[in-house]
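When you line the sequence shown up against the numbering used here, it's residues 2 to 381, in that order. Quick reminder that beta carbons are idealized off the backbone N, C-alpha and C, glycines included. One structure is given below, encoded as structure tokens.
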Amino acid sequence: MDALILSCSTGGGHNAAGAAVKEELERRGHQVTMLDPYTLAGDSLGKLVGNGYIKTAQKAPHFFGFLYKLGDGYRKLPVHSPVYAVNKAMFGTMRAYFQNHHFDVVIMPHLFPAQMLTHMKRKGVALPPQIFIATDYVCIPFTEETDCDYYVIPGSDMAKDFIRRGIPSDKLVPAGIPVRRAFREPLSREEAKRRLGLEADKHYILLSGGSIGCGQIEKAVGKLSRYLKKHPQHHLIVICGNNQALLTRLEKKFGRQGQISLLASTNKMAAYLRACDVYLSKPGGLSSTEAAVMGIPLIHIAPIPGCEIRNMEYFAQRGMSLAVDTHWSQLEDALVQLAQPISAKTMQVRQRQYSNPRATEEICDLAEKAANIETSPGQG
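And the structure:
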């Protein structure tokens, strides 16, 4: 099977979901191409779209929230959104790409390419089956403007949200959000610490703002530094992602504190999650799912206004996380609560109840079914 995965670099979650599916499809012996469709029109356009999103989220999150609310209101109008208008402009570029390349299925963990292919279908272009993967715990604005063959959603309890937005119920597949195999493989805390060179007798707190280093990380480190002084056996690991400016500021402020380690991006996130006692993160759909699949006690902080608020609500309402948001006075209480074995265990039970560690395999099963490829025995 030849599969095409179309994603965009507006945050790391969409690409991480695509990479998880690509990893599993290639493990099954399929040929997979993964690309940002905007790069077909030139690298500068892809960078403009991705960097525009990242800079807005990093430097003006409230403006980002305003844009999200604007989009939520715009979806009530009987006309296509400006976002759809931008993406339909890719018609000629995408048509030429499909004319020159054969694929049996197209998988899209991002709204923008789904809009592009929807416009192509409406213009009569024949396309292979399309699978859209929702990477947040909400039906984000303008999903209803798309016409895909399948919509993979985080769970069956999300179906009503998509149906009320106009997505046909028979197209919904509640498989979950896909994560890479590293987040699903058994690994003890002791072995994870050994691999990372961490001290066996230390209690580790992991703090991350996702691939783009958002979520008021600097303020969170300031609050946690006071907590660390009261708990000498605790150590904080901060992952700044691709936000070099954040890393530089943190090094100046906290670089000499022995209980704080500062890192840029890492390809060992699964090991760090397993090694730590608790995980503090903005509520990105992918990072939250990774934590839930691994069964890591989770505290959500400082969501980017918009879909991340919905992610935080989803997790907190089901007991899968504690939602501190920006109420920093509650952070220490949350850490103390999750230090109690019964509280951590209860959260882990809820995480297992509402997450699907086999989401990646089930999505790949769906892709094979859509392309009329038989799933080999023993896969998954």
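Check, Outcome
"Between the CA atoms of Pro187 and Met95 - distance to the nearest angstrom", "41 Å"
"Buried/exposed call for Pro83, threshold 16 Cβ in 10 Å", "exposed"
"Buried or exposed (CB count within 10 angstroms, at least 16 for buried), Glu252", "exposed"
"Any 3 or more C-beta pairs closer than 8 Å across the region 176–183 and the region 353–372", "yes"
"Distance between beta carbons of Ile302 and Ala221, contact taken as under 8 Å", "6 Å"
"Cβ-based burial, Ala58 [other Cβ within 10 Å; buried from 16]", "Only weak support exists for where Ala58 lies, its pLDDT of 48 falling under 50; the value from the coordinates is given anyway. Buried is the call here."
"Delimiting residues of the alpha helix (DSSP H) encompassing Leu225", "218–231"
"Per DSSP, cross-strand counterpart(s) of Asp3", "Gln32"
"Beta-carbon proximity list for Arg319, same chain, < 6 Å, skipping 5 on both sides", "Arg351, Tyr355"
"Proximity of Gly14 and Ile6 at Cβ, strictly below 8 Å", "no"
"Ser1 (DSSP reduced to helix, strand or coil)", "The question about residue 1 has no answer here: the residues shown for the chain are numbered 2 through 381."
"First through last residue of the alpha helix (DSSP H) which encompasses Ser209", "From DSSP, Ser209 is part of no alpha helix (DSSP H) but of the beta strand (DSSP E) over 204–209."
"Leu279 classed as buried or exposed, judged by whether at least 16 other C-beta atoms fall within 10 angstroms", "The identity of residue 279 in the sequence shown is Val, whereas the question assumes Leu. Flag for Val279 reads buried."
"One or two residues paired with Tyr39 in a DSSP bridge", "Paired residue(s): none; Tyr39 is not in a bridge."
"Pairwise C-alpha distance: Ile134 and Ser289", "16 Å"
"Rounded C-alpha distance that separates Gly342 from Cys277", "At residue 342 the sequence reads Pro, which differs from the Gly that was named. Looking at the two C-alpha atoms, the distance is approximately 14 Å."
"Met109 - partner residues in DSSP beta bridges", "Phe133"
"Contact under 8 Å by Cβ, Ile374 with Met2", "yes"
"contact_flag[the region 151–160, the region 36–43] where n(CB pairs < 8 Å) is 3 or more", "no"
"Ala317 versus Ala324: straight-line alpha-carbon distance, rounded", "6 Å"
"Proximity below 8 Å, CB of Ala193 to CB of Ala272", "yes"
"Best match in Pro169, Ser266, Phe184, Lys370 for proximity to Gly211 [C-alpha to C-alpha]", "Ser266"
"Contact under 8 Å by Cβ, Val139 with Cys308", "yes"
"Segment limits, alpha helix (DSSP H) that includes Ile141", "No alpha helix (DSSP H) holds Ile141; DSSP gives it neither H nor E."
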